[in-house]
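>
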Amino acid sequence: MTQNKNSIRILTGEGDLQYVQLTNNNGASVQIYLLGATVTSYKTEKGEDVIFQSSKAIFKDGKAIRGGIPICFPQFGPGTLPQHGFARNRLWQLKSTSATFNVVQAIFTLKDDEELRKLWNNRFEVEYLVSLHPKSLITELSVINKNSSETFTFTACLHTYFRIGSIHQTQVSPFKGLQFIDKVQGGKQFTSEENEVTFKGETDRIYLKASPSIKIEDKSANIQYQIETKGFTDCVVWNPWEIKAKETVDLGLDEWKNFVCAEAGTIGTPVLLKPGESWKSSQTISKL
Ligand code: TA6
Numbered sequence: 034m035t036q037n038k039n040s041i042r043i044l045t046g047e048g049d050l051q052y053v054q055l056t057n058n059n060g061a062s063v064q065i066y067l068l069g070a071t072v073t074s075y076k077t078e079k080g081e082d083v084i085f086q087s088s089k090a091i092f093k094d095g096k097a098i099r100g101g102i103p104i105c106f107p108q109f110g111p112g113t114l115p116q117h118g119f120a121r122n123r124l125w126q127l128k129s130t131s132a133t134f135n136v137v138q139a140i141f142t143l144k145d146d147e148e149l150r151k152l153w154n155n156r157f158e159v160e161y162l163v164s165l166h167p168k169s170l171i172t173e174l175s176v177i178n179k180n181s182s183e184t185f186t187f188t189a190c191l192h193t194y195f196r197i198g199s200i201h202q203t204q205v206s207p208f209k210g211l212q213f214i215d216k217v218q219g220g221k222q223f224t225s226e227e228n229e230v231t232f233k234g235e236t237d238r239i240y241l242k243a244s245p246s247i248k249i250e251d252k253s254a255n256i257q258y259q260i261e262t263k264g265f266t267d268c269v270v271w272n273p274w275e276i277k278a279k280e281t282v283d284l285g286l287d288e289w290k291n292f293v294c295a296e297a298g299t300i301g302t303p304v305l306l307k308p309g310e311s312w313k314s315s316q317t318i319s320k321l
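Just so we're aligned, residue 34 is where the sequence shown starts under my numbering, counting upward by one.
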């Protein structure tokens, strides 16, 4: 049997934007657009899509891609910056790629420039490592404060859209006893009585001090995903449901039924970095 070779390709895709395609020698693959360093596809060695990508996603510099793993930085959610910050809608640089026997990697960077400093007056460098293993995808985000004297704070999140068969038969866990901010109830904070989140309507919750090990189960398609995080403190669970989905122009008709967002983030307590200090967090996702 011929052994597939792992491969690294730089291609031009939607909207004439560049993306990196990593393929492992067992057939697993991942696609990362330079726009937002957004993972837009992750397929297992059996060719199963783990990540949801909207059929109506808009691929244009300055616009976040709908679906995949958008990087929310330096702000999660609404605030003084545009929603979810600027990292997800900027073009990143491909810093390097590498391949060992069964791991293929790409590193992307985003640095401050004159335009970004007008939005967020700091010098910084963000590095994003995407590492494709035979049975998992690791995405690691690190931030360095490059200011000469100013400290800065930020919130960050890997806004991962997981592909599922039916949101009606999907649950995410474990959350029992955790504090959560419920954006559907005006941002009020509650204590979770349930261990599993199930979906009966728009769901938009930031679980604080979440478990580093999150499980997504879709009974309709017998799908189980595992997310193992390091460094992130919180977990966002989101599905827009029907009405909000209809208002989302870059989401295909009824596609809200086929994804759930379980997002590793550091949101409740922002990260504070002094000049020269750095922060690093990662998530490992796998299909069980
Ligand atoms: O992560 C959940 C959330 O903050 C929701 O409130 C919703 O706004 C979602 O992100 C998508 O945001 P976007 O700006 O990508 O439409």
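We put the beta carbon where it would ideally sit given N, CA and C, even for glycine.
Just so you know, these numbers come straight off a predicted model, no measurement behind them.
#1: Are L143 and Q126 closer than 9 Å when you measure CB to CB?
#2: Could you give the residue range of the beta strand (DSSP E) that holds I239?
#3: What is the chain-ordered set of residues for which the beta carbon lies under 6 Å from any non-hydrogen atom of ligand 1?
#4: Whose C-beta lies closer than 6 Å to the C-beta of D146 among residues of the same chain, with five residues either side of it excluded?
#5: Closer than 8 Å is the cut-off here; do at least three beta carbon pairs connect the region 235 to 245 with the region 200 to 214?
#6: Smallest Cα separation from T186: which of G80, G60, R121 and W153?
#7: Is K93 helix, strand or coil when you go by DSSP?
#8: In the structure shown, what three-state DSSP assignment does D145 receive?
#9: Starting from N200 and walking both ways along the alpha helix (DSSP H), at which residues does that stretch end?
#10: In the structure shown, what three-state DSSP assignment does A189 receive?
#11: Find the nearest neighbour of D94 within the set T262, L67 and H117, judged by alpha-carbon distance.
#12: Buried or exposed, going by whether 16 or more other CB atoms sit within 10 Å of the CB of H192?
#13: Among residues of its own chain, excluding the 5 on either side of I91, which ones have a beta-carbon nearer than 6 Å to its beta-carbon?
#14: What does DSSP give as the partner residue(s) for W312 in the beta ladder?
#15: Measure the Cβ-Cβ separation of A295 and I256 and say whether it is below 9 Å.
#16: Tell me where the beta strand (DSSP E) around E250 begins and ends.
#17: Nearest to T133 by CA position, among S87, V304 and N39, is which residue?
#18: On a CA-only basis, which of I200, A97, T224 and T266 is nearest A254? Give me that one, please.
#19: When DSSP labels each residue in this structure, what does K307 get in the three-state scheme?
Taking the structure as given:
#1: Taking a C-beta distance under 9 Å as the contact criterion, L143 and Q126 qualify as a contact pair.
#2: That run of the beta strand (DSSP E) goes T236 to Y240.
#3: Ordered along the chain, the selected set is A97, G110, Q116, H117, H192, K216, D237, V269, W271, C294 and E296.
#4: Spatial neighbours of D146 in its own chain (CB-CB distance under 6 Å, excluding positions within 5 residues in sequence) are not present.
#5: Below 8 Å, enough C-beta pairs join the region 235 to 245 and the region 200 to 214 to call them touching: three or more.
#6: It is W153 whose Cα lies nearest to the Cα of T186.
#7: K93: coil per DSSP, three-state reduction.
#8: Here D145 sits in coil by DSSP.
#9: Position check: residue 200 holds Ile in this sequence, whereas Asn was assumed. Membership of I200 in any alpha helix (DSSP H) is not indicated, and neither H nor E is assigned to it by DSSP.
#10: In the structure shown, A189 sits in a strand (DSSP, three-state: E or B).
#11: Minimum Cα distance to D94 is reached at L67.
#12: Of the residues assessed, H192 falls on the buried side of the cut-off, its CB having 16 or more other CB atoms within 10 angstroms.
#13: Excluding its 5 nearest sequence neighbours in each direction, I91 has C-beta neighbours in its own chain below 6 Å: D283, listed in chain order.
#14: Under DSSP, W312 forms a beta bridge with V176.
#15: No; because the gap between Cβ atoms is not below 9 Å, this pair is not in contact.
#16: DSSP places E250 inside the beta strand (DSSP E), whose first and last residues are S246 to D251.
#17: Nearest to T133 by alpha-carbon distance, out of S87, V304 and N39, is N39.
#18: Sorting I200, A97, T224 and T266 by C-alpha distance to the C-alpha of A254 places I200 at the top.
#19: In the structure shown, K307 falls within a coil segment according to DSSP collapsed to helix, strand and coil.
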